[in-house]
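Below is one structure, written out as structure tokens; comments come after it.
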Amino acid sequence: MSPREMNQSNFACVVGARPNFVKMAPLLRALDCYANIRTVLIHTGQHYDAGLSDVFFEELGMRRPDICLEVGSGKHGAQAAKVMERLEVCLEQGLPGGGKYDRVVVVGDVNSTMASALAAVKLQIPVAHVEAGLRSFDRSMPEEINRIVTDAVADVLLVSEPAGVENLRREGHPEEHIHLVGNIMIDTLKRLLPEAKKRDTLDQFHLSPGRYGVVTLHRPSNVDAPAALERLLEVLIETSQELPLVFPVHPRTRKRLAEFGLSRRIERARRLTLTEPLGYLDLLALTSQAKVIITDSGGLQEEATVLGIPCLTARPNTERPITVEEGTSTLVGNDAEKLRRCLRSVLDGTYKGGRCPALWDGQAAVRIAQVLTAPARAVQSQLV
Ligand code: UD1
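Everything in the sequence shown is counted per the numbering used here, starting at 3 for the first residue and increasing by one.
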């Protein structure tokens with residue numbers, strides 16, 4: 003065995019759903035710079051639609067997955083179980099072409115993240131979690147359970163904002179496991195913003211810069227309850243009379259709108275435009291030039307903060323408090339009155355400003371790669 007092969011480390015990098023792709027793409031690129039690291043990209047298949055999955059690989063310039071587990075949709079238990087069952091087999095088999103996995107890298111807080119971390123740690127393969135430590139303190143959110151479980155079994159905890167470090171310390175994680183590295187989603191945003199702005203997305207929707215809003219809603223708490231969804235829609239329809247709104251609709255939301263008999267009502271609102279889910283570049287083209295973003299997505303809260311666009315977050319809480327404390331986000335829950343008031347202040351030009359949080363600078367992947375490739379002793383030192 004050559005000295006290089008002796009130092010060789012094999013990482014299984016696992017993705018499953020839309021927000022994972024945006025975080026893994028820059029990390030793969032950063033790890034590719036290390037000759038002694040071999041990465042195997044595994045897609046669980048939690049998201050499988052072209053619009054939720056394929057388009058991201060193309061636009062992010064991410065290589066096709068080396069292994070697809072094709073778990074698909076299902077109830078939480080069934081979906082997580084399928085990921086565990088299939089990933090376990092794949093990790094036990096080792097790398098295509100031979101070799102064993104030295105580490106599993108998971109990102110974010112989706113079911114695939116948690117299930118992959120569990121499968122790995124039970125095989126005694128160490129787990130690194132990118133976006134560790136975030137807590138909404140709301141256990142009714144499936145993502146909160148995923149975050150707590152993933153962090154509990156990971157030994158490298160890569161954190162995007164200081165509140166995450168505090169949460170992990172409070173939970174008793176050893177200091178040497180915790181690394182504040184910044185926000186890796188922003189690496190992708192900074193790299194692709196110039197390209198996004200060159201697209202003709204606004205023309206396609208007949209929109210002018212700064213004179214429209216972007217809406218996304220997909221959380222079960224907003225879209226699975228008819229009353230909550232209807233309340234939010236009322237405000238959107240009303241607002242669209244003053245400010246055109248474009249609303250890329252997640253498959254879950256589309257299903258609910260039809261089930262609750264709300265689709266016709268929206269069709270009648272001429273300036274509220276519903277579209278299929280958009281790819282990364284089209285959505286960034288829209289969000290980066292919008293007057294306001296109304297969303298329940300964690301990722302969009304963060305992107306809005308970096309873009310300096312007002313973000314009205316349709317959630318009662320957030321695991322990303324820095325987007326409210328330093329950034330442009332305000333939590334409006336599903337309180338129609340609060341949403342109306344905030345929209346008014348955006349339209350009147352009195353809405354708060356924000357600043358870009360420290361380490362949300364487009365270099366998080368480089369810092370994460372440094373942590374992951376450092377010799378064992380060095381991994382234990384804090385980066386900042
Ligand atoms: C998942 C994540 C959520 C993340 C979101 C981003 C969990 C618990 N939730 O939510 O944190 O913000 O992704 O989009 O992991 N469906 C399709 N095509 C697909 C995938 C799903 O039509 O490619 C439909 C199916 O009807 C499925 C439903 O969407 O039952 C929900 O999909 P699922 O992956 O369970 O959760 P998301 O709501 O997408």
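Yeah, the Cβ is synthetic: ideal placement off N, Cα and C, and Gly gets one too.
Start-end ranges of the beta strand (DSSP E) lying completely within the stretch 162–204, minimum 3 residues: Secondary structure remark: continuous beta strand (DSSP E) runs of at least 3 residues inside the stretch 162–204, in chain order: 180–182.
Any heavy atom of the ligand UD1 within less than 5 Å of residue CB: hits in chain order: Those satisfying the condition are, in chain order, Ala19, Arg20, Gln48, His49, Tyr50, Asp51, Leu54, Ser75, Val112, Asn113, Pro144, Glu145, Pro253, Arg254.
Name the DSSP bridge partner or partners of Pro250? Thr277, per the DSSP bridge assignment.
Between Gly76 and Glu87, what straight-line distance do the alpha-carbon atoms span, to the nearest angstrom? About 14 Å.
Is Gln126 buried or exposed, if buried means 16 or more other CB atoms sit within 10 Å of its CB? So Gln126 ends up on the exposed side.
Taking contact to mean at least 3 C-beta pairs separated by less than 8 Å, is the stretch 95–102 in contact with the stretch 304–318? With the rule of 3 Cβ pairs closer than 8 Å, the stretch 95–102 does not count as touching the stretch 304–318.
Give the range of the beta strand (DSSP E) segment to which Ile295 is assigned. Per DSSP, the unbroken beta strand (DSSP E) holding Ile295 starts and ends at 294–297.
Alpha helix (DSSP H) segment containing Val348, residue limits: Its alpha helix (DSSP H) spans residues 338–350.
Would the stretch 45–58 and the stretch 278–290 be scored as touching if the rule is three or more Cβ pairs under 8 Å? Three or more Cβ pairs closer than 8 Å define a contact, and the stretch 45–58 meets that threshold against the stretch 278–290.
According to the neighbour-count rule (16 or more other Cβ atoms, all chains shown, within 10 Å of its Cβ), is Pro228 buried or exposed? Around the beta carbon of Pro228, fewer than 16 other beta carbons lie within 10 angstroms, which makes this residue exposed.
Taking its Cβ as the centre, do 16 or more other Cβ atoms sit within 10 Å of Asp153, making it buried, or is it exposed? Looking at its Cβ environment, which holds 16 or more other Cβ atoms inside 10 Å, Asp153 is buried.
Identity of the residues DSSP links to His45 by a beta bridge: DSSP, once it has assigned bridges, lists Val17, Cys70 as partnering His45.
Tell me where the beta strand (DSSP E) around Glu321 begins and ends. Element bounds for Glu321: n/a, residue is neither H nor E.
Grab me the residues of Asn148's own chain with a C-beta within less than 8 Å of its C-beta, minus the 5 sequence neighbours each way, in chain order. Excluding sequence neighbours, Asn148 sits near Asp111, Val112, Asn113, Thr115, Met116.
Over the uninterrupted alpha helix (DSSP H) stretch that includes Arg369, give me the two end residues. The continuous alpha helix (DSSP H) containing Arg369 extends over residues 366–375.
Determine the direct distance from the alpha carbon of Ala271 to that of Cys358, and round the result to whole angstroms. The alpha-carbon atoms of Cys358 and Ala271 are separated by roughly 35 Å.
Pull up the distance between the alpha-carbon of Arg137 and that of Pro144, whole angstroms please. Computed Cα separation, rounded: 12 Å.
Of the listed residues Leu349, Glu328, Arg31, nearest to Ala165 (C-alpha basis): The candidate whose alpha carbon is nearest that of Ala165 is Glu328.
In terms of DSSP beta bridges, what is Arg105 paired with? According to DSSP, Arg105 shares a beta bridge with Phe13.
Could you please give the first and the last residue of the uninterrupted beta strand (DSSP E) stretch that includes His131? His131: member of the beta strand (DSSP E) spanning 129–134, first to last residue.
Tell me the DSSP secondary structure of Ser75 in three-state form. Here Ser75 sits in coil by DSSP.
Hey, His175 and Leu160 are a contact pair by Cβ (cut 8 Å); roughly how many whole angstroms apart? Rounded, the Cβ-Cβ distance is 12 Å, inconsistent with contact.
Residues in the same chain with beta-carbon distance under 6 Å from Ile324, minus the five sequence neighbours each way, listed in chain order, please. Result list for Ile324: Glu163, Pro359, in chain order.
Within the chosen definition, does the stretch 62–74 reach the stretch 16–31 through at least 3 CB pairs nearer than 8 Å? Under the three-pair Cβ rule at 8 Å, the stretch 62–74 counts as touching the stretch 16–31.
Going by DSSP, what residue range makes up the beta strand (DSSP E) through Thr332? Looking at the DSSP string, the run of the beta strand (DSSP E) that includes Thr332 is 331–333.
Residues bridged to Leu160 [DSSP beta-bridge criterion]: Residue pairing by DSSP puts Leu160 in a beta bridge opposite Val132, His181.
Asn12 and Arg31 closer than 8 Å at C-beta: No, the pair does not count as a contact, with Cβ atoms beyond the cut-off.
Going by C-alpha distance, which of Thr190, Val109, Phe207, Arg201 is nearest Ala156? Measuring from the Cα of Ala156, the nearest candidate turns out to be Val109.
Select from Phe58, Arg213, Gly101 the residue whose C-alpha is nearest the C-alpha of Val42. The residue with the shortest Cα to Cα distance from Val42 is Gly101.
To the nearest whole angstrom, what separates the beta carbons of Gly301 and Thr330, a pair I think is in contact under 8 Å? Between Gly301 and Thr330 the beta-carbon gap is near 14 Å, outside 8 Å, which marks them as no contact.
Buried or exposed: Lys257, going by 16 or more other Cβ atoms within 10 Å of its Cβ? By the 10 Å Cβ count, Lys257 comes out exposed.
Can you give me the Cβ contacts of Pro21 inside the same chain, cut-off strictly under 6 Å, excluding the 5 residues immediately before and after it? Excluding positions up to five away in sequence, the list reads Gly110, Gly301.
Pull up the distance between the alpha-carbon of Ala27 and that of Asp34, whole angstroms please. Ala27 and Asp34 have their alpha carbons spaced roughly 11 Å apart.
Nearest-angstrom Cβ-Cβ length linking Pro246 and Arg273, presumed shorter than 8 Å: With a Cβ gap of about 4 Å, Pro246 and Arg273 count as contacting.
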